[in-house]
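Working notes, beginning with the structure itself.
Chains as they are written, first to last, in my numbering: chain A, 6 to 423; chain B, 6 to 423.
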């Protein structure tokens, strides 16, 4: 069978399954999720064996250590995957939430949340995403087509097999959770072109992956983009607060998208603040890359020069670029020019500057006097998240269960006509 | 200059203008809208002269009458365009609406509505859409790039010139309202590929236009799709109510997307109901196309046969396709297979069947005992609309000012870190 036909067949089964999921109540969905958690724990040995194959192949292919780490499952990681399912069970069902109003002609219009339908998720070689994505889609009554990175294919097949066994035991129809088992890129390309069969594609992973999906997909895409995040230290900032926030945002977990990558400092405080923060950053082992004008304030410090490209770069590492700015307007302009629309922060004591920054910076999350690291479904109180949207349509910022729903208008009349 | 460079230059100016519009308050926006209405009325002669050129060219090119009618402006149509601007002035500003909550760590998280940014609108030869789109975008603080049908180019240039004169008089920066003045298709194609420069593209027009945009755009698209709408007459339906609703939904304005195109009748009532509704439809001059099994109930009636294609067709005309179904499940299945996700109705006295139909039919608006013609921004009480979305992301159903906004999270702390 041709690739497109295979995928259409998979998507058609997923569509039927989505209609089934649409009619399954909360209790039955939660029972199925509990069964999945149970089966994942029960099949720990099988999953680890299959994961081992992926790891050996990755080592054989010289894949770098950090990637092998993300690929690796252990008994304790499997337990924590199962535990995260328990958390999703405890979240409220996002489906069937309604708000309504009555029109002057007596029509009662209710806006009711409903599943999106068939969701495609394209991601890299992290087996935990396979379970997260399947579980969030099931909780929101969507069927899902998973397309994970090729390095994790054996792990993914094992996990989806276990998930589907659990769903079958609970009497769920086939096609709720689907995995593309071929590792050929042609499948990814065709998946993106299933307009009418797949309702949305969510890419999770590197900037390159996301760009490729945005440019080639005929299916609507929700970008979960890169985070080139900034902290601007205003001239009225409290230095200690600024230092604590910058160190937290840069070093608490530098590999994630809400870590800070760029520091902008009001020129009036540069002379005092730059050495102060450089001490703290260097002590934490952070490489500092500064623009030209900073060098005079950092005489004797071990810092490197930053070029223009540095200010567009999401390092995801113990590196930060630093620059001084004339004033808050220049800071806002710099951020709107260089950012990816993720998370930006100002450290200030000025109410006016906080308001100006919040109003004018174009990003999913704009902070005053707090770390950018809070842009996260759990930290926002939304529960589990499927990613952070850096685009403006449908979802922006942390995407949790609610963002996996759409709505319909359910209208009730007594014979009204126009 | 290359086409892409021209459009990037236009979009960059539009981006700057969008940052200006983001900071303009409600009063100033409303004053500018009032000035636009005034200038349109004051420049009626100029607009009509330019419109005349388009009409003559259209006649010369043998464009069909109904299209020339949509292209034609008259003094009274211009007055009604200006009046519709007054209505938008009176609508509440959709920007800056916020809802917030406080996290256990004291972070205050506010979700605030903000403009989307730069909106591209691709539409056919209806000059009134030029004004509608510009006005709705301005009211929601978005800048807009308009790409109207080539047959209306002189009218559109005149209208946008007048709009921009009004904006200039109000001290607005250049680039808030932009029109692509070349009629070459290459501009449309490049506009769709300005990912990163344009935030969303909204196509308005024929199914062909919308399909082309969805398949080729790298910019996110909101589909305002076709309406292949159904009415299902359940076995418990009140015949008179069913007739009134069907006649209204088919004949009150057959050219619009929320008109009904297909009638499904429960087989138990077919013998009685089909002649009853055929009388009413034929009296209104509606052509009836029936599937095979209906003929026996309509002996002596002037009806035609429907083929499978008829049930996929949005006639936009005095034509309706008719079919009997075994039961409500078959009706739902037929609708989900053939519909375009717009508006669907059931006529029934059964609460269970109303609930089942409302839950399972996949469409933007699902009616019980009311005409599909109500799917409309004004009828829903949303005020002016920019189209009816038939997709599931961001907006579904009537798209009004709120759907031209996105949001950001504005977070206020006192030094919180993770």
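Idealized CB from N, CA, C, for every residue including glycine. These figures come from a predicted structure and were not determined experimentally.
Give the interface partners of residue 250 of chain B over in chain A, defined as CB-CB distance under 9 angstroms, in chain order.
-> The count along the second chain starts at 1 and reaches residue 250 of chain B at position 245. Under a criterion of Cβ atoms nearer than 9 angstroms, the residues of chain A adjacent to residue 250 of chain B are, in order, 418, 420, 421 and 422.
Would you verify that the beta carbon of residue 276 of chain B is, or is not, closer than 7 angstroms to some beta carbon of chain A?
-> Within the second chain, the letter at position 271 stands for residue 276 of chain B. Under the Cβ distance rule, residue 276 of chain B does not count among the residues neighbouring chain A, no pair being separated by less than 7 angstroms.
In this structure, what does DSSP give as the bridge partners for residue 326 of chain A?
-> Mapped onto the first chain, residue 326 of chain A falls at position 321. Partner(s): A/267 and A/294.
By Cβ distance, which residues of its chain are closer than 6 angstroms to residue 64 of chain B, with the 5 residues on each side in sequence left out?
-> Here the question's residue 64 of chain B lines up with position 59 in the second chain. For residue 64 of chain B, where only same-chain residues beyond five positions count, there are no Cβ hits under 6 angstroms.
Alpha carbon to alpha carbon, how far is residue 137 of chain B from residue 348 of chain B?
-> On the second chain, position 132 is the one that residue 137 of chain B refers to. On the second chain, position 343 is the one that residue 348 of chain B refers to. Residue 137 of chain B and residue 348 of chain B have their C-alpha atoms spaced approximately 23 angstroms apart.
How big is the Cα-Cα spacing for residue 223 of chain A and residue 202 of chain B?
-> Residue numbering aside, residue 223 of chain A sits at position 218 when the first chain is read from its first letter. Residue numbering aside, residue 202 of chain B sits at position 197 when the second chain is read from its first letter. One C-alpha to the other measures close to 19 angstroms.
Can you find at least 3 beta carbon pairs, one from the region 220 to 240 of chain A and one from the region 12 to 19 of chain B, that sit closer than 8 angstroms?
-> Segments in contact, no.
Taking 7 angstroms as the CB-CB cut-off, is residue 205 of chain A touching chain B?
-> Numbered from 1 along the first chain, position 200 holds the residue referred to as residue 205 of chain A. Residue contact check for residue 205 of chain A against chain B: a CB pair falls below 7 angstroms.
How about residue 376 of chain A and residue 422 of chain B: are their beta carbons less than 7 angstroms apart?
-> Translated into positions along the first chain, residue 376 of chain A becomes position 371. Translated into positions along the second chain, residue 422 of chain B becomes position 417. Yes, the pair counts as a contact, with Cβ atoms nearer than the cut-off.
Residues of its chain near residue 214 of chain A, where Cβ-Cβ distance is below 6 angstroms and the 5 sequence neighbours each way are ignored = Translated into the one-based positions of the first chain, residue 214 of chain A becomes position 209. These residues qualify, in order along the chain: 208.
Just by C-beta distance, which residues in the region 236 to 247 of chain A are closer than 7 angstroms to chain B?
-> Residues are counted here when their Cβ sits less than 7 angstroms from a Cβ of chain B; for the region 236 to 247 of chain A these are 246, given in chain order.
Residue range of the alpha helix (DSSP H) that includes residue 1 of chain A | Beyond the ends of chain A as shown, which are 6 and 423, falls residue 1 of chain A; an answer cannot be given.
Return no unless some Cβ of chain B is closer than 7 angstroms to the Cβ of residue 133 of chain A.
-> Along the first chain, one-based indexing puts residue 133 of chain A at 128. Not closer than 7 angstroms to any Cβ of chain B, the Cβ of residue 133 of chain A fails to qualify, so no.
Within the 7 angstroms Cβ cut-off, does residue 360 of chain A reach chain B?
-> Mapped onto the first chain, residue 360 of chain A falls at position 355. Not one beta carbon of chain B lies nearer than 7 angstroms to the beta carbon of residue 360 of chain A.
Starting from residue 71 of chain A and walking both ways along the alpha helix (DSSP H), at which residues does that stretch end?
-> The sequence position of residue 71 of chain A within the first chain is 66, counting from 1. That run of the alpha helix (DSSP H) goes 70 to 76.
Strand pairing of residue 370 of chain B, partner residues [DSSP] = The sequence position of residue 370 of chain B within the second chain is 365, counting from 1. Partner residues in the beta bridge of residue 370 of chain B, as assigned by DSSP, are A/414 and B/348.
For residue 419 of chain B, the three-state DSSP class (helix, strand or coil) = Residue mapping note: residue 419 of chain B aligns to position 414 of the second chain, counting from 1. Strand at residue 419 of chain B.
Taking the beta strand (DSSP E) that residue 189 of chain A falls in, what are its first and last residues?
-> Within the first chain, the letter at position 184 stands for residue 189 of chain A. According to the DSSP assignment, residue 189 of chain A belongs to no beta strand (DSSP E), since it is labelled neither H nor E.
Please report the residue range of the alpha helix (DSSP H) in which residue 166 of chain A lies.
-> As a position in the first chain, residue 166 of chain A is number 161, starting the count at 1. Note, residue 166 of chain A: alpha helix (DSSP H), 158 to 174.
Any idea which residues DSSP pairs residue 116 of chain A with across the strands?
-> Here residue 116 of chain A is taken as the residue at index 111 of the first chain, counted from 1. DSSP output for residue 116 of chain A lists A/104 and A/414 as bridge partner(s).
Residue 200 of chain A bridges to which residues according to DSSP?
-> Mapped onto the first chain, residue 200 of chain A falls at position 195. Per DSSP, A/203.
Check whether the Cβ atoms of residue 23 of chain B and residue 123 of chain B lie closer than 7 angstroms to each other.
-> Indexing the second chain from 1 puts residue 23 of chain B at position 18. Indexing the second chain from 1 puts residue 123 of chain B at position 118. Less than 7 angstroms divides the Cβ of residue 23 of chain B from the Cβ of residue 123 of chain B.
Can you tell which of B/283, B/245, B/284 and B/232 has its C-alpha closest to the C-alpha of residue 259 of chain B?
-> For the purposes of this step, residue 259 of chain B is taken as residue 254 along the second chain, with counting starting at 1. Cα-wise, what sits closest to residue 259 of chain B is B/232.
Closer than 7 angstroms, Cβ to Cβ, to anything on chain B: give me those residues from the region 180 to 206 of chain A, in chain order.
-> For the region 180 to 206 of chain A, residues whose beta-carbon sits nearer than 7 angstroms to a beta-carbon of chain B comprise 200, 204 and 205.
Could you check what DSSP says for residue 6 of chain B in three-state terms: helix, strand or coil?
-> Taking the first residue of the second chain as position 1, residue 6 of chain B is located at position 1. Coil at residue 6 of chain B, not helix or strand.
Backbone CA spacing between residue 301 of chain B and residue 330 of chain B [nearest angstrom] | As a working note, residue 301 of chain B is residue 296 in the second chain. As a working note, residue 330 of chain B is residue 325 in the second chain. Note on geometry: alpha-carbon atoms of residue 301 of chain B and residue 330 of chain B lie some 15 angstroms from one another.
Is residue 363 of chain A helix, strand or coil by DSSP?
-> On the first chain, position 358 is the one that residue 363 of chain A refers to. Three-state result, residue 363 of chain A: helix.
Within 10 angstroms of its Cβ, does residue 153 of chain A collect 16 or more other Cβ (buried), or is it exposed?
-> Taking the first chain and counting its residues from 1, the one referred to as residue 153 of chain A is at position 148. Its Cβ being crowded by 16 or more others within 10 Å, residue 153 of chain A is buried.
Looking at C-alpha atoms only, which residue of B/294, B/320, B/359 and B/141 is the closest neighbour of residue 37 of chain B?
-> On the second chain, residue 37 of chain B is found 32 positions in, with the first residue counted as 1. When each option's Cα is compared against that of residue 37 of chain B, the closest is B/141.
Quick one: what's got a C-beta closer than 6 angstroms to residue 328 of chain B's C-beta in the same chain, skipping five residues either side?
-> Along the second chain, read from residue 1 onward, the residue named residue 328 of chain B stands at position 323. Take residue 328 of chain B, set aside five residues on each side of it, and the residues of its chain with a beta-carbon closer than 6 angstroms to its own are 269 and 296, in chain order.
Looking at the unbroken beta strand (DSSP E) that takes in residue 225 of chain A, where does it start and where does it end?
-> If you number the first chain from 1, residue 225 of chain A lands on position 220. Annotation for residue 225 of chain A: no beta strand (DSSP E) segment contains it, and DSSP assigns it neither H nor E.
Contacting positions in the region 371 to 394 of chain A - beta carbon closer than 9 angstroms to chain B | Answer set for the region 371 to 394 of chain A: 371, 372, 373, 374, 375, 376, 378, 379, 380, 381, 384, 385 and 386.
Below 8 angstroms on the Cβ atoms is my guess for residue 371 of chain B versus residue 324 of chain B; work out the distance and round it to an integer in Å.
-> Within the second chain, the letter at position 366 stands for residue 371 of chain B. Within the second chain, the letter at position 319 stands for residue 324 of chain B. Contact doesn't hold; Cβ gap of about 23 angstroms is too wide.
Under the three-state reduction of DSSP, which class applies to residue 317 of chain A: helix, strand or coil?
-> Residue numbering aside, residue 317 of chain A sits at position 312 when the first chain is read from its first letter. Helix at residue 317 of chain A.
Please classify residue 58 of chain B: is it buried, with 16 or more other beta-carbons within 10 angstroms of its beta-carbon, or exposed?
-> Within the second chain, the letter at position 53 stands for residue 58 of chain B. By the 10 Å Cβ count, residue 58 of chain B comes out exposed.
Candidates A/359, A/385, A/383 and A/366: closest to residue 373 of chain A by CA position = Counting from 1 along the first chain, the entry for residue 373 of chain A is found at position 368. With distances taken between Cα atoms, residue 373 of chain A lies closest to A/359.
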